[in-house]
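Going by our numbering, the sequence shown opens with residue 1, and the numbers climb by one from there. Note that the Cβ used here is the ideal one computed from N, Cα and C, for glycine as well.
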Amino acid sequence: MTFKSKVQEVLDAALAEREHLFLIDLSINEANKISVILDGDSGVNLQDCIDVSRAVENNLDREEQDFSLEVASAGVSSPLKLVRQYKKNIGRTLKVKTISSEEVEAKLSFADDVKIILEWQAREPKKIGKGKETVDKKLEIPYESIKEAIVIISF
Numbered sequence: 001m002t003f004k005s006k007v008q009e010v011l012d013a014a015l016a017e018r019e020h021l022f023l024i025d026l027s028i029n030e031a032n033k034i035s036v037i038l039d040g041d042s043g044v045n046l047q048d049c050i051d052v053s054r055a056v057e058n059n060l061d062r063e064e065q066d067f068s069l070e071v072a073s074a075g076v077s078s079p080l081k082l083v084r085q086y087k088k089n090i091g092r093t094l095k096v097k098t099i100s101s102e103e104v105e106a107k108l109s110f111a112d113d114v115k116i117i118l119e120w121q122a123r124e125p126k127k128i129g130k131g132k133e134t135v136d137k138k139l140e141i142p143y144e145s146i147k148e149a150i151v152i153i154s155f
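Spelled out as structure tokens, the structure:
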């Protein structure tokens, strides 16, 4: 069993005990620095990171393989990578870049296993007469068409 597969197995077991958490990224460099990025259905707190770090560290043998370990939460400005992240952010504003270079900043109103739906209001010229009117816009985007999506934090 390779070191990475051993780490993955231990991490999977630690996350199985904490169903509200999920793995965003696991990387191990040449110097055996293990970097774990987590997210959670209701966020990730410091205690979650400590618990997962201890669970991984206690199940790996430093005599067998020396390593360093870093467990962190996905940052506020980190792009969304998993369907589960989109689902937990329904109702929030996203900035989405598509593979066709379209960029949309709108409220995420729906997310399933295939696509997301963004909704926003725009000012457009009236169909009849002069001036502009406010129209409701809706855009359905399949996940495979999304290049990057970031949650926009507003205060």
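Alpha carbons only, please: which of the options is nearest the one belonging to residue i?
| i | options | result |
| --- | --- | --- |
| L46 | S35, L26, A72 | A72 |
| H20 | R62, S27, D12 | D12 |
| D66 | V151, V83, F3 | F3 |
| R62 | I90, L23, K6, I152 | K6 |
| Q121 | K130, L108, S101 | L108 |
With C-beta atoms as the reference, is residue i less than 8 Å away from residue j?
| i | j | result |
| --- | --- | --- |
| K138 | K132 | no |
| E148 | K115 | no |
| R18 | D51 | yes |
How should residue i be labelled, buried or exposed, when 16 other C-beta atoms within 10 angstroms of its C-beta is the threshold for buried?
| i | result |
| --- | --- |
| A111 | buried |
| A106 | buried |
| D25 | exposed |
| D39 | buried |
| V135 | exposed |
| K88 | buried |
| A31 | exposed |
Considering only residues of the same chain and omitting the five flanking positions on each side of residue i, which have a CB-CB separation below 7 Å?
| i | result |
| --- | --- |
| I99 | S145, K147 |
With a threshold of 6 Å on Cβ separation, who are the neighbours of residue i within its own chain once the five nearest residues in sequence on each side are excluded?
| i | result |
| --- | --- |
| S68 | K33 |
| K97 | E103, K147, E148 |
Exercise for the section: Just list the alpha helix (DSSP H) runs in the region 8-83, keeping only unbroken ones of 4 residues or longer that don't cross its boundaries, in chain order. Expected result: Counting only runs of 4+ residues, the alpha helix (DSSP H) found wholly inside the region 8-83 occupies 46-58, in chain order.
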